[in-house]
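These notes are about the structure you will find just below.
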Amino acid sequence: MKHLSSYFTFTTAIALLFSFEPPSLHTPEKFVQCLYNYPHISNSIFNAVYTQTNSSYTSILDMSIRNYRFFNLSEKPQVIVTPLDVSHIQATIMCSQRHGLQIRTRSGGHDYEGLSYVAEVPFVILDLFNLQQITIDVENRTAWVQAGATLGELYYAISQKSKTLGFPAGVCATVGTGGHFSGGGYGSLMRKYGLAVDNIIDAHIIDVNGNLLDREAMGEDLFWAIRGGGGASFGVIVAWKIKLVPVPSTVTVFNVARTLEENATEIIQKWQLVANKMDERIFIRVDVKKVNSSEHGKQTLQANFVSMFQGGVEELIPMMQKSLPELGLDRKDCTETSWIGSVLFANAVLLGSTVNEAPEVLLNRTRFRPGINKAKSDYVRKPIPVEGLQGLWRLLYEVPDGELQFAPYGGRMDEISESETSFAHRSGYIFHIHYVVFWEEDGEEAAQRYMNWIRRVYKYMEPYVSKSPRAAYLNYRDLDIGVNNNGYTSYEQASIWGVKYFGNNFRRLAIVKTKVDPHNFFRNEQSIPILSDEEN
């Protein structure tokens, strides 16, 4: 993009102009006036600014709150900006600095701790939902995706152009690509093609000085950092250029349920031994939760083995009989479909639906299981013994709606170095665990009860998961593992949580952060810290 260099010169000049004035005390009125007066701002900015007195303010704020734990909080943004073009983002960044406001950037609103729309300091939300353009280049197997587009919109756009191209990213269709890609992004193509970050070939980001940078302009260090390190620490990601991957015209899916009485524990025991070693074209996730038993009035646990195989059923059945005969997979359990059909299937499983739906449902941004929830994550290096699983099952009986998901590693994930991108969790892990609890009761007492439950589960699992550090997944954000100060946070203090997410990559991330955002403007409770002169 040749225009980027001229943008760089222009916005740097503007940034310098703005920087000569010290930050004034935040007032929404002064901030908004600053936006309207920003040089070369497009007129449409008037349609993209929502103050607390605007009649649409609440509906815009609530539209992408995916976790009702953060509904009706007292700390609300002073202003919401819904940019229609790059100039609106540049103005928001410069005016926020000038008027002492922090920025929270929201793509799809799925941040597990609400950090894309919640802050304890005066702040502005930059909500990217209008930036959802997707351009597919079938011939070169690439696509440009704006950061406000959802995974569902991306998958749908690919399917409209090709039946034999796909993209390896998450299952939930309403997740925004802006945040999801920058934190890793895993799904059913992971064992064959790696993560979303492993298939990003360019990006557009606006930095602290308001410069619009592509890969060449930002340099390889920053490009490395935003692929797994989370984009919000470094600037505002506007778009990604991704590499599309070949998928067969026919894939096979299944969702087989087994209760404890149907030997679910024994099947999971065997799954732990084989799921990461099987053909890289197969991905079998295990979802475990409480269900009603066939015995009247009793409950049991059920494990759902949810799978996508890149090939036909005739090839899949012998493969399963060889590696996981304990599951007893039958042809009638399997459905042959297209790649986009498998996306619809996986999304329906997530939502608890069994209906065959048209691809257009992937465009519905409001189709999400709402509720109050808390989640955590772990990585496993060696199989959990049967007594470990049984103790975990006992804990699951204690709450109405707790769930575990086991996602297998291996395949391509074993081949990529931990330093290739800033996403560090690669070879040596056999699977990843996602813990989540949902509840419906209002109030702090109920919230603490369920939060304490999932913390007990996490503590119970300590002997069975990775150690030194105990690895965690950034996209399943968890403030329990550590937070920054409101102000300066040392690298050593931030390392308490940072090495869990980023392993040996955390220090390099802090070096990049110090270089590109030396005054730590882009910050939140778990943003990458800057290094002091001594630490550097």
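Residues -26 to -1, 1 to 510 (mature numbering (1 follows the signal peptide of the UniProt record, and there is no 0)) make up the sequence shown, in order.
Cβ atoms here follow ideal geometry from the backbone N, Cα and C, with glycine treated the same way.
Quantities reported herein were computed from a predicted structural model and do not represent experimental measurements.
TODO: Tell me whether S61 sits in a helix, a strand or coil according to DSSP, three-state version.
DONE: helix
TODO: Pick helix, strand or coil for P359, following the three-state DSSP scheme.
DONE: coil
Task: Per-residue DSSP class, three states only, for I271 - done: A small correction: the amino acid at residue 271 is Gly; Ile does not occupy that position in the sequence shown. Of the three classes helix, strand and coil, the one that applies to G271 here is coil, per DSSP.
Open item on the list: Quick check: the stretch 142 to 150 against the stretch 229 to 236, are at least 3 beta-carbon pairs closer than 8 Å?
Closed with: no
Task: Selected residue, minimal CA-CA separation from L100, among W118, P443, P51, I390 - done: P51
- [ ] Say whether the stretch 233 to 240 touches the stretch 317 to 332, bearing in mind that this needs 3 or more beta-carbon pairs closer than 8 Å, one atom from each stretch.
- [x] no
Task: Where the alpha helix (DSSP H) containing V145 begins and where it ends - done: Where V145 is concerned, there is no enclosing alpha helix (DSSP H), given that its DSSP letter is neither H nor E.
TODO: Spell out a yes or no on whether the stretch 126 to 142 and the stretch 106 to 118 are touching, meaning 3 or more CB-CB pairs, one atom from each, closer than 8 Å.
DONE: yes
Open item on the list: Between which residues of its own chain and S501 is the CB-CB distance below 6 Å, once the five residues before and five after are set aside?
Closed with: S207
Open item on the list: Here's the rule I'm using: 16 or more other beta-carbon atoms within 10 Å means buried, otherwise exposed. How should Q71 be labelled?
Closed with: buried
- [ ] Report the rounded CA-to-CA distance for N494 versus K487, giving the unit in angstroms.
- [x] 8 Å
- [ ] Take every Cβ of the stretch 391 to 409, pair it with every Cβ of the stretch 347 to 355, and state whether three or more of those distances are shorter than 8 Å.
- [x] yes
Task: Length-filtered (3 minimum) beta strand (DSSP E) runs lying within the stretch 273 to 347 - done: 273 to 283, 308 to 311
- [ ] Give the DSSP bridge partners of K135, in chain order.
- [x] The partner list for K135 (beta bridge, DSSP) is empty, contrary to what the question assumes.
Open item on the list: Rounded to whole angstroms, what is the Cα-Cα separation between G205 and A199?
Closed with: 8 Å
Task: Helix, strand or coil at Q107 according to DSSP, with G and I counted as helix - done: coil
Open item on the list: Looking at I179: is its Cβ nearer than 8 Å to the Cβ of M192?
Closed with: yes
- [ ] Just confirm the distance between the C-beta atoms of F103 and T56, as a whole number of angstroms; I'd bet it's less than 8 Å.
- [x] 6 Å
Task: Whole-number beta carbon distance between Y42 and G345, since they are thought to touch under 8 Å - done: 6 Å
Task: 6 Å CB neighbourhood of S267 in its chain, flanking five on each side removed - done: Q273, T274
- [ ] Buried or exposed for G315, please, with buried defined as at least 16 other CB atoms from any protein chain shown within 10 angstroms of its CB.
- [x] buried
Task: Stretch-stretch touch, CB-based, cutoff 8 Å, three pairs: the stretch 161 to 170 with the stretch 407 to 427 - done: no
- [ ] Go to E377, then tell me how far its beta strand (DSSP E) extends in each direction, as first and last residue.
- [x] 376 to 382
Task: Pairwise C-alpha distance: Y129 and V317 - done: 8 Å
Open item on the list: I need the boundaries of the alpha helix (DSSP H) containing H154, first residue and last residue.
Closed with: 151 to 157
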